[in-house]
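Asks: Before I ask anything, here is the structure I am working with.
Number of protein chains: 2
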Amino acid sequence: MMTLAEENYLKAIFHLEYESGGEVSTNAIAEKMETKPSSVTDMVQKLAEKEMVLYRRYKGVQLTEEGKKTAAYVIRKHRLWEVFLVEKLDFHWDEVHEIAEQLEHIQSDELITRLDKYLGSPDFDPHGDPIPDEHGVLKRTSKKLLSELDKNQQGICVGVKESSAEFLQYLDKKGISIGTKITVLGKEFFDGSMVVEVGKGQFFISLKIADNLFVQTA
Amino acid sequence: MMTLAEENYLKAIFHLEYESGGEVSTNAIAEKMETKPSSVTDMVQKLAEKEMVLYRRYKGVQLTEEGKKTAAYVIRKHRLWEVFLVEKLDFHWDEVHEIAEQLEHIQSDELITRLDKYLGSPDFDPHGDPIPDEHGVLKRTSKKLLSELDKNQQGICVGVKESSAEFLQYLDKKGISIGTKITVLGKEFFDGSMVVEVGKGQFFISLKIADNLFVQTA
DNA sequence: CTTCTTTTTTAGATTAAACTAAATATATCT
DNA sequence: AGATATATTTAGTTTAATCTAAAAAAGAAG
Chain G
130 MMTLAEENYL KAIFHLEYES GGEVSTNAIA EKMETKPSSV TDMVQKLAEK EMVLYRRYKG
190 VQLTEEGKKT AAYVIRKHRL WEVFLVEKLD FHWDEVHEIA EQLEHIQSDE LITRLDKYLG
250 SPDFDPHGDP IPDEHGVLKR TSKKLLSELD KNQQGICVGV KESSAEFLQY LDKKGISIGT
310 KITVLGKEFF DGSMVVEVGK GQFFISLKIA DNLFVQTA
Chain P
130 MMTLAEENYL KAIFHLEYES GGEVSTNAIA EKMETKPSSV TDMVQKLAEK EMVLYRRYKG
190 VQLTEEGKKT AAYVIRKHRL WEVFLVEKLD FHWDEVHEIA EQLEHIQSDE LITRLDKYLG
250 SPDFDPHGDP IPDEHGVLKR TSKKLLSELD KNQQGICVGV KESSAEFLQY LDKKGISIGT
310 KITVLGKEFF DGSMVVEVGK GQFFISLKIA DNLFVQTA
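Taken in sequence, the protein lines are chains G and P. Quick note: to get the numbering used here, add 129 to the position in the first sequence (first position is 1). Quick note: to get the numbering used here, add 129 to the position in the second sequence (first position is 1).
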């Protein structure tokens, strides 16, 4: 069995591998986990003994198949709970992360099987991130930043990159929430600002905003 | 903040105080927690420093008001989650204890407020035990064992004392589940066996069965 | 009111997960 | 290549929660 701390490390390594493609460094893990590199070394050695990662001193870490499966399952649980919190308990999408961070460690396969069915086996969480299936496989997603869209393209808002209270308030004011369709009417080259259409309105959006908003394209 | 272990000790002490009325002994706690008395002493001293219990060496322990409130809240969370598991996820009543044992430690007042509302603010859990309200107050319950009923009395099944798979199968076969009305038609003095009416049927029940079934009386 | 038993506490050790400080690899730069 | 900087690991501590074994207090019995 995995401890809570071990599960959190596996999750962090999983995300880092996804971002970088290859092996993951001790420092990168330490930064993501908000801990010291020496603590990471300790833990990584324990995970290597449990055959959850391949570890070469001074070189880096890589998840084994077993490690990947375990990490994906924790992420699956996290995202399913987020769906539950938003869909059933009416939480706002930016309030659920910390609670899901706790719920993801509840140990009961039966619970997750039933929760998944109860929620209608969703493919994405409230932030637009894909939910791994029972085998740890992630659905391919076409999620990208609004700033990456070109003139005349459109996308559906699926989440935010960093959610400060002010930013979410701004979105509310502009009538943007999950599922809102956004069309790029114009794009300035020199500062990346845009004019977008949302519902019946049109307005200006700065790069800072467009760089912080995830959309899904067709 | 309370740690997971501390919360479990408070819960155990709460239940023991309820059973015995007065102060609780180190040994009693050790037995309930399935741990050694020396571990209990350590923990009880920590809880005393946090002013969750009153502790007099060699004498015993007693919850403070703060300790009672904290324990009742953990129990409230446990029982609300049990309702969720049975009502929403269709778990059987005897499968939910261990999962609720984990869920009860999730820290988020907002979560519990919303969960309670979502479940319709239930007063009892699937075992017929009362759910403490937001202030830690327990609804008075008239829950008793079926074996305590006299001839011609009736009760509504609210739970079981010890739930083995065989026993629950037996109940299923006889058409008894939560909410079933049971009327005592006759009671043998020398062995405590009964004849009961359930729905349209009448049948014989041994003391062993009647001693294991909780009913609520008017 | 001593003696014996039981209960409770103390002292010292262990494990998981973190930390600090020091040592050792690896990487970079002139 | 040699010097310096950076990354990583090791060694030794700390804290929470447990344990075993030994000591001390309380309760029971003659």
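Just so you know, even glycine gets a beta-carbon here, dropped at the ideal spot from N, CA and C. Predicted, not measured: the structure shown is a model, and the values here were computed from it.
With G/K272 as the anchor, note down where its beta strand (DSSP E) starts and where it stops.
Replies: Per DSSP, G/K272 belongs to the beta strand (DSSP E) from K272 to L274.
Asks: By how many angstroms is the C-alpha of G/E239 removed from the C-alpha of P/L218?
Replies: Cα to Cα, P/L218 sits roughly 10 angstroms from G/E239.
Asks: Is it right to say G/K316 is buried, meaning 16 or more other beta carbons lie within 10 angstroms of its own, or is it exposed?
Replies: When all chains shown are included, G/K316 counts as buried.
Asks: Looking at G/A200: is its Cβ nearer than 7 angstroms to the Cβ of G/K140?
Replies: Cβ atoms of G/A200 and G/K140: closer than 7 angstroms.
Asks: Span of the alpha helix (DSSP H) holding G/L145?
Replies: Counting along the chain, the alpha helix (DSSP H) containing G/L145 begins and ends at L133 to S149.
Asks: Is the stretch 148 to 165 of chain P in contact with the stretch 337 to 345 of chain G, if contact means three or more CB pairs nearer than 8 angstroms?
Replies: Flag = no, the stretch 148 to 165 of chain P and the stretch 337 to 345 of chain G do not touch.
Asks: Kindly say whether P/S237, judged by its beta-carbon, lies nearer than 7 angstroms to any beta-carbon of chain G.
Replies: Chain G, which has a Cβ nearer than 7 angstroms to the Cβ of P/S237, makes this yes.
Asks: May I ask you to report which of helix, strand or coil DSSP gives P/R208?
Replies: It is helical.
Asks: For the alpha helix (DSSP H) holding P/R243, just list the boundary residues, first then last.
Replies: Counting along the chain, the alpha helix (DSSP H) containing P/R243 begins and ends at D238 to Y247.
Asks: Nearest CA to the CA of G/Q282: which residue from G/Q331, G/S271, G/K206 and G/V313?
Replies: It is G/V313.
Asks: Taking G/I228 as the reference, which of G/E211, G/S237, G/I241 and G/T242 has the closest Cα?
Replies: Ranking the options by Cα distance to G/I228, first place goes to G/E211.
Asks: Using a Cβ-Cβ cut-off of 7 angstroms (strictly less than) and excluding sequence neighbours within five positions of G/V182, which residues of its own chain qualify?
Replies: Cβ within range, chain order: I142, V173, L176, V190, Q191, L192, T193 and G196.
Asks: On the three-state DSSP scale, how would you describe G/Y299?
Replies: G/Y299: helix per DSSP, three-state reduction.
Asks: Put P/K175 into one of helix, strand or coil per three-state DSSP.
Replies: P/K175: helix per DSSP, three-state reduction.
Asks: At a Cβ threshold of 7 angstroms, is G/R208 touching chain P?
Replies: Chain P contact via Cβ: absent.
Asks: My guess is that P/V287 and P/F220 are in contact by the Cβ rule of under 8 angstroms, so how many angstroms apart are they, rounded?
Replies: That belief does not hold up - the Cβ atoms of P/V287 and P/F220 are roughly 17 angstroms apart, past 8 angstroms.
Asks: For G/I315, which beta-bridge partners are listed by DSSP?
Replies: Before going further, note that residue 315 of chain G is Gly rather than Ile in the sequence given. G/V324.
Asks: What residues in its chain sit with their C-beta under 7 angstroms from that of G/G308, if we drop five residues either side in the sequence?
Replies: The residues are I285 and C286.
Asks: Please compile the residues from chain G whose C-beta is within a distance smaller than 7 angstroms of the C-beta of P/Q231.
Replies: In chain order: I235 and Q236.
Asks: For P/L130, does the count of other Cβ atoms within 10 angstroms reach 16, so buried, or fall short, so exposed?
Replies: At residue 130 of chain P the sequence reads Met, which differs from the Leu that was named. Counting Cβ neighbours within 10 Å, P/M130 comes out exposed, since fewer than 16 surround it.
Asks: Under a three-way DSSP split, which group does P/K197 fall into?
Replies: Helix.
Asks: Tell me which residues of the stretch 172 to 199 of chain G have at least one Cβ-Cβ distance to chain P shorter than 9 angstroms, keeping chain order.
Replies: Listed in sequence order: no entries.
Asks: With distances taken from CA atoms, which of G/K179, G/S154 and G/E233 is nearest G/Y187?
Replies: Cα-wise, what sits closest to G/Y187 is G/S154.
Asks: Helix, strand or coil for P/V225 per DSSP?
Replies: P/V225: coil per DSSP, three-state reduction.
Asks: Mind listing the chain G neighbours of P/Y247? Cutoff is C-beta to C-beta under 7 angstroms, in chain order.
Replies: Correct list: K217 and L218.
Asks: Taking CB distances under 7 angstroms as the criterion, tell me whether G/R243 reaches chain P.
Replies: True, the Cβ-Cβ gap to chain P drops below 7 angstroms.
Asks: Compare the Cα-Cα distances from P/D279 to each of P/V327, P/V225 and P/S322 and report the closest residue.
Replies: The shortest Cα separation from P/D279 among P/V327, P/V225 and P/S322 belongs to P/S322.
Asks: From P/S168, P/S250 and P/R208, pick the residue whose C-alpha is nearest to that of P/Y138; which is it?
Replies: The residue with the shortest Cα to Cα distance from P/Y138 is P/S168.
Asks: Name the one or two DSSP bridge partners that G/V344 has.
Replies: Its beta-bridge partners are G/K273 and G/C286.
Asks: Can you grab the Cα-Cα spacing for the pair G/F332 / G/S250, in whole Å?
Replies: Whole-angstrom Cα-Cα distance: 36 angstroms.
Asks: Using beta-carbon positions only, say whether G/H234 and G/L145 come within less than 7 angstroms of one another.
Replies: The answer is no: Cβ separation not under 7 angstroms.
Asks: Give me the subset of the stretch 283 to 304 of chain G whose CB atoms are less than 7 angstroms from a CB atom of chain P, sorted by chain position.
Replies: Of all residues in the stretch 283 to 304 of chain G, none has a Cβ within less than 7 angstroms of some Cβ in chain P.
Asks: Could you tell me the alpha carbon to alpha carbon distance between G/K310 and G/V325, rounded to whole angstroms?
Replies: Spanning the two alpha carbons is a distance of roughly 10 angstroms.
Asks: Beta-carbon of G/I260 versus every beta-carbon of chain P: anything under 7 angstroms?
Replies: No, its Cβ sits nowhere closer than 7 angstroms to a Cβ of chain P.
Asks: What do you get for G/E136, buried or exposed, if any count of 16 or more other CB atoms within 10 angstroms of its CB means buried?
Replies: Its Cβ being crowded by 16 or more others within 10 Å, G/E136 is buried.
Asks: Tell me the DSSP bridge mates of P/F333?
Replies: According to DSSP, which records beta bridges pairwise, P/F333 is partnered with P/V324.
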